[in-house]
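First comes the structure, then the notes that go with it.
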Amino acid sequence: MAGSSSSMRGSRQRRAMADINVVPYIDVMLVLLVIFMVTAPLVAPSIVNLPTVGGAAPQQQTPPVIVNIRADGNMSVKYKDDAGAQQQEDMTKADLHGFIADRAQSHPDQPVVIAADKTVKYEVVMNVMSELKAQGVKRVGLLVKSQ
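Okay, here's the thing in structure tokens:
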């Protein structure tokens, strides 16, 4: 029996390993990583020479007209007149229509900002916004409070 076990050992066949050895790939990747880490700080960022604007006057931004819509539905308009003084007027929707028409003729690119109380219905705000757009106001925005 002792002889039979030794003969079994010799008759076994060696199988080829089916697994891929990934250690050389990892070594190559680590070497590449080290090369990139060493060379990255040595590369100087390229400098872009931008053209300059000669003699252009800076654009003056006109302060916006602020339309306040209060919780009770009443409106007021806050704006700066031609002298630069702050003005505020209470208005109805019909008054707002005339005011915006006059303001659009004298200051065509002036933005209008709507500041509505949070209890005001969305429909009211959208009606005012669509009326402003119908009057030819090019820039209409909403004023919000940051949290």
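Sequential numbering from 7 applies to the sequence shown in the working numbering.
Every residue, glycine too, gets a C-beta built ideally from N, C-alpha and C.
A quick note: this is a predicted structure, and the numbers were derived from the prediction, not measured.
- Using a Cβ distance threshold of 8 Å, V73 and L48 do not count as a contacting pair.
- I53 has its alpha-carbon roughly 46 Å from the corresponding atom of A91.
- Secondary structure note for S136: its alpha helix (DSSP H) is the uninterrupted segment Y128 to A140.
- Here P70 really is in contact with P117; their C-beta atoms are around 4 Å apart, less than 8 Å.
- With a cutoff of 8 Å on beta-carbon distance, V143 and A110 are scored as near each other.
- Judged by DSSP secondary structure, L38 falls outside any beta strand (DSSP E) and instead within the alpha helix (DSSP H) spanning V29 to T45.
- In this structure, the straight-line span from the alpha carbon of D115 to that of N55 is close to 33 Å.
- In this structure, I75 places its C-beta atom within 8 Å of the C-beta atom of V134.
- Rounded to the nearest angstrom, the gap between the Cα atoms of A122 and V131 is 7 Å.
- Secondary structure of A89 (DSSP, three-state): coil.
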